[in-house]
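For the sequence shown, the working numbering begins at 317 and goes up steadily by one. Quick reminder that beta carbons are idealized off the backbone N, C-alpha and C, glycines included. This structure is a prediction, so every number in the text was calculated from the model and none was measured. See structure below.
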Amino acid sequence: MDTFELKREQSRLARKIVLNDLFRKVKTVGGADCVIFENKIIAVVVVCKFPSMELIEKKSYILSNPVPYKPGYQSYRDMPAVIEAYNQLDEEPDVLFVKGFGINHPRKFGMASHLGIALNKSTIGIAQKNIVGKVEKGKLMFNNEIVGFEVITKEHANPVYVSPGHGITLGSSLDIVSKTIFPPHKMPEPLHIAHKIAKKKSKDI
(Lines of atoms letter the chains of each structure in order from A and count residues from 1; the text may use other names and numbers.)
(Lines give C-alpha, C1' and ligand atoms only; values in the text may rest on other atoms or scores of the structure.)
Protein backbone atom coordinates (compact mmCIF):
# COMPACT_ATOMS: atom_id res chain seq x y z
CA MET A 1 0.00 0.00 0.00
CA ASP A 2 1.31 3.41 -0.96
CA THR A 3 0.42 5.35 2.18
CA PHE A 4 1.27 8.67 0.52
CA GLU A 5 -1.45 8.10 -2.09
CA LEU A 6 -3.90 6.77 0.51
CA LYS A 7 -3.27 9.82 2.70
CA ARG A 8 -4.04 12.09 -0.25
CA GLU A 9 -7.21 10.12 -1.01
CA GLN A 10 -8.38 10.32 2.62
CA SER A 11 -7.79 14.09 2.73
CA ARG A 12 -9.69 14.54 -0.56
CA LEU A 13 -12.65 12.36 0.45
CA ALA A 14 -12.82 13.95 3.92
CA ARG A 15 -14.01 17.15 2.25
CA LYS A 16 -17.21 15.30 1.22
CA ILE A 17 -18.21 14.53 4.82
CA VAL A 18 -21.50 16.08 5.92
CA LEU A 19 -22.07 16.58 9.64
CA ASN A 20 -25.84 17.02 9.31
CA ASP A 21 -28.48 14.36 9.96
CA LEU A 22 -29.34 12.68 6.66
CA PHE A 23 -32.30 10.89 8.28
CA ARG A 24 -35.66 12.11 9.56
CA LYS A 25 -36.36 9.53 12.22
CA VAL A 26 -34.34 6.63 13.53
CA LYS A 27 -36.35 3.39 13.50
CA THR A 28 -33.45 1.01 12.88
CA VAL A 29 -29.76 1.00 13.79
CA GLY A 30 -27.11 -1.21 12.23
CA GLY A 31 -23.77 -2.45 13.50
CA ALA A 32 -20.72 -3.42 11.43
CA ASP A 33 -17.77 -5.29 12.92
CA CYS A 34 -14.92 -7.41 11.60
CA VAL A 35 -12.93 -10.27 13.09
CA ILE A 36 -9.57 -11.31 11.67
CA PHE A 37 -9.03 -15.07 11.50
CA GLU A 38 -5.79 -16.40 10.04
CA ASN A 39 -5.65 -14.90 6.53
CA LYS A 40 -9.37 -14.11 6.44
CA ILE A 41 -11.55 -11.23 7.51
CA ILE A 42 -15.09 -11.95 8.67
CA ALA A 43 -17.43 -8.97 8.37
CA VAL A 44 -20.85 -9.00 10.02
CA VAL A 45 -23.54 -6.37 9.63
CA VAL A 46 -26.67 -6.49 11.77
CA VAL A 47 -29.84 -4.39 11.82
CA CYS A 48 -31.78 -3.82 15.04
CA LYS A 49 -35.02 -2.03 15.87
CA PHE A 50 -34.46 1.28 17.67
CA PRO A 51 -34.63 1.74 20.58
CA SER A 52 -35.58 -1.84 21.60
CA MET A 53 -32.48 -3.33 19.90
CA GLU A 54 -34.47 -6.34 18.74
CA LEU A 55 -32.41 -8.07 16.04
CA ILE A 56 -34.10 -7.88 12.64
CA GLU A 57 -31.40 -9.06 10.28
CA LYS A 58 -27.79 -10.26 10.13
CA LYS A 59 -25.51 -10.74 7.14
CA SER A 60 -21.87 -11.77 6.86
CA TYR A 61 -19.08 -12.01 4.33
CA ILE A 62 -15.71 -13.76 4.49
CA LEU A 63 -12.84 -12.17 2.57
CA SER A 64 -9.59 -14.08 2.06
CA ASN A 65 -6.21 -12.36 1.97
CA PRO A 66 -7.28 -8.81 2.86
CA VAL A 67 -4.71 -6.03 2.41
CA PRO A 68 -2.40 -5.71 5.43
CA TYR A 69 -3.50 -3.48 8.30
CA LYS A 70 -1.80 -0.12 8.74
CA PRO A 71 -2.73 2.26 11.59
CA GLY A 72 -4.85 5.10 10.23
CA TYR A 73 -5.91 3.08 7.18
CA GLN A 74 -8.26 0.48 8.71
CA SER A 75 -10.95 1.01 6.08
CA TYR A 76 -8.71 -0.22 3.25
CA ARG A 77 -8.49 -3.61 4.96
CA ASP A 78 -12.00 -3.92 6.43
CA MET A 79 -14.30 -1.98 4.12
CA PRO A 80 -14.46 -4.35 1.11
CA ALA A 81 -15.76 -7.16 3.35
CA VAL A 82 -18.19 -4.88 5.23
CA ILE A 83 -19.67 -3.54 1.97
CA GLU A 84 -20.21 -7.10 0.68
CA ALA A 85 -22.07 -8.00 3.89
CA TYR A 86 -24.02 -4.72 3.88
CA ASN A 87 -25.15 -5.18 0.26
CA GLN A 88 -26.90 -8.44 1.23
CA LEU A 89 -29.28 -6.65 3.62
CA ASP A 90 -32.98 -6.67 2.82
CA GLU A 91 -33.49 -3.50 4.83
CA GLU A 92 -30.88 -0.79 5.23
CA PRO A 93 -30.60 0.72 8.74
CA ASP A 94 -31.29 4.42 9.25
CA VAL A 95 -27.94 4.78 11.02
CA LEU A 96 -24.96 2.42 10.92
CA PHE A 97 -22.57 1.98 13.87
CA VAL A 98 -19.05 1.12 12.77
CA LYS A 99 -16.27 -0.36 14.91
CA GLY A 100 -13.55 2.19 14.27
CA PHE A 101 -12.96 5.93 14.04
CA GLY A 102 -15.16 8.63 12.57
CA ILE A 103 -13.80 12.17 12.24
CA ASN A 104 -11.62 11.55 15.34
CA HIS A 105 -8.80 10.61 12.97
CA PRO A 106 -5.59 12.40 11.87
CA ARG A 107 -7.19 13.30 8.52
CA LYS A 108 -10.76 13.31 9.90
CA PHE A 109 -11.48 10.25 7.81
CA GLY A 110 -11.66 7.08 9.84
CA MET A 111 -13.37 3.82 8.91
CA ALA A 112 -16.88 5.12 9.77
CA SER A 113 -16.39 8.23 7.62
CA HIS A 114 -15.05 6.24 4.67
CA LEU A 115 -17.90 3.72 4.89
CA GLY A 116 -20.47 6.52 5.22
CA ILE A 117 -19.23 8.18 2.03
CA ALA A 118 -19.02 4.85 0.16
CA LEU A 119 -22.57 3.79 1.14
CA ASN A 120 -24.09 7.29 1.31
CA LYS A 121 -25.28 6.35 4.80
CA SER A 122 -25.36 8.04 8.20
CA THR A 123 -22.56 6.43 10.21
CA ILE A 124 -21.11 6.67 13.70
CA GLY A 125 -17.64 5.47 14.64
CA ILE A 126 -17.19 3.71 17.98
CA ALA A 127 -13.62 2.94 19.04
CA GLN A 128 -11.99 1.56 22.17
CA LYS A 129 -9.07 3.99 22.02
CA ASN A 130 -8.45 7.57 21.00
CA ILE A 131 -5.62 8.48 18.62
CA VAL A 132 -6.00 12.25 18.16
CA GLY A 133 -6.18 15.35 20.29
CA LYS A 134 -7.18 15.22 23.94
CA VAL A 135 -10.24 14.68 26.09
CA GLU A 136 -11.69 17.73 27.85
CA LYS A 137 -14.73 17.17 30.07
CA GLY A 138 -15.84 14.19 28.00
CA LYS A 139 -15.31 15.90 24.64
CA LEU A 140 -12.65 14.86 22.14
CA MET A 141 -10.82 18.01 21.06
CA PHE A 142 -8.63 18.02 17.95
CA ASN A 143 -7.33 21.16 16.26
CA ASN A 144 -9.60 23.23 18.53
CA GLU A 145 -12.71 21.40 17.32
CA ILE A 146 -14.98 18.83 18.97
CA VAL A 147 -14.60 15.60 16.99
CA GLY A 148 -16.37 13.20 19.35
CA PHE A 149 -16.99 12.12 22.92
CA GLU A 150 -15.51 9.88 25.58
CA VAL A 151 -18.32 7.71 26.93
CA ILE A 152 -18.18 5.50 30.01
CA THR A 153 -20.48 2.59 29.19
CA LYS A 154 -19.49 0.12 31.88
CA GLU A 155 -18.32 0.57 35.45
CA HIS A 156 -14.62 -0.21 36.02
CA ALA A 157 -14.05 -0.52 32.25
CA ASN A 158 -12.18 1.77 29.89
CA PRO A 159 -14.40 4.25 28.04
CA VAL A 160 -15.39 4.09 24.38
CA TYR A 161 -14.95 6.95 21.93
CA VAL A 162 -17.93 8.03 19.87
CA SER A 163 -17.51 10.17 16.76
CA PRO A 164 -19.71 11.04 13.78
CA GLY A 165 -18.62 9.36 10.57
CA HIS A 166 -20.83 10.95 7.91
CA GLY A 167 -24.41 12.17 7.56
CA ILE A 168 -24.98 12.84 11.25
CA THR A 169 -24.36 15.59 13.79
CA LEU A 170 -22.15 15.35 16.86
CA GLY A 171 -25.22 15.65 19.10
CA SER A 172 -27.21 12.95 17.33
CA SER A 173 -24.21 10.60 17.43
CA LEU A 174 -23.95 10.85 21.21
CA ASP A 175 -27.71 10.71 21.75
CA ILE A 176 -28.32 7.61 19.61
CA VAL A 177 -25.32 5.69 20.94
CA SER A 178 -26.31 6.48 24.54
CA LYS A 179 -29.69 4.83 23.95
CA THR A 180 -28.09 1.58 22.73
CA ILE A 181 -25.92 0.82 25.78
CA PHE A 182 -27.36 -2.28 27.44
CA PRO A 183 -25.49 -3.33 30.62
CA PRO A 184 -23.40 -5.33 31.22
CA HIS A 185 -22.09 -4.91 27.65
CA LYS A 186 -19.39 -2.31 27.08
CA MET A 187 -20.05 -1.73 23.37
CA PRO A 188 -23.35 -0.40 22.01
CA GLU A 189 -25.73 -3.28 21.40
CA PRO A 190 -25.59 -3.43 17.55
CA LEU A 191 -21.78 -3.74 17.69
CA HIS A 192 -21.92 -6.20 20.59
CA ILE A 193 -24.27 -8.44 18.59
CA ALA A 194 -22.24 -8.14 15.37
CA HIS A 195 -18.99 -8.96 17.17
CA LYS A 196 -20.52 -11.99 18.91
CA ILE A 197 -21.76 -13.36 15.57
CA ALA A 198 -18.39 -12.73 13.87
CA LYS A 199 -16.49 -14.49 16.68
CA LYS A 200 -18.80 -17.51 16.45
CA LYS A 201 -18.34 -17.67 12.67
CA SER A 202 -14.57 -17.57 13.06
CA LYS A 203 -14.76 -20.68 15.25
CA ASP A 204 -17.03 -22.48 12.79
CA ILE A 205 -14.68 -22.03 9.81
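Expected contact under 8 Å - CB spacing of residue i and residue j to nearest Å
i           : j           : result
residue 329 : residue 430 : 7 Å
residue 343 : residue 320 : Going by Cβ atoms, the distance from residue 343 to residue 320 rounds to 42 Å, so no, they are not a contact pair.
residue 463 : residue 422 : Contact flag wrong, Cβ pair sits at about 11 Å.
residue 362 : residue 521 : Actually they are not in contact, since the Cβ atoms of residue 362 and residue 521 sit about 19 Å apart, beyond 8 Å.
Where residue i sits in the DSSP three-state scheme
i           : result
residue 377 : strand
residue 482 : strand
residue 402 : helix
residue 348 : strand
residue 473 : coil
residue 496 : coil
residue 441 : strand
residue 395 : helix
Buried versus exposed, by CB contacts within 10 Å (16 or more), residue i
i           : result
residue 454 : exposed
residue 522 : The structure shown has nothing for residue 522, since the chain only spans 317 to 521.
residue 494 : exposed
residue 270 : With the chain covering only 317 through 521, there is no way to say anything about residue 270.
residue 406 : exposed
residue 273 : A question about residue 273 goes unanswered here, because the residues of the chain that appear run from 317 up to 521.
residue 318 : exposed
residue 392 : buried
residue 498 : exposed
Cβ shell of residue i (< 7 Å), same chain only, five flanking positions each side left out
i           : result
residue 381 : 355
residue 485 : 335, 336, 337
residue 478 : 440, 442, 464, 465, 467, 489, 490, 493
residue 370 : 364
6 Å Cβ shell around residue i - same chain, five flanking residues per side excluded
i           : result
residue 359 : 350, 377, 397, 398, 401
residue 326 : 423, 425
residue 389 : 322
Cβ shell of residue i (< 8 Å), same chain only, five flanking positions each side left out
i           : result
residue 475 : 466, 467, 468, 469
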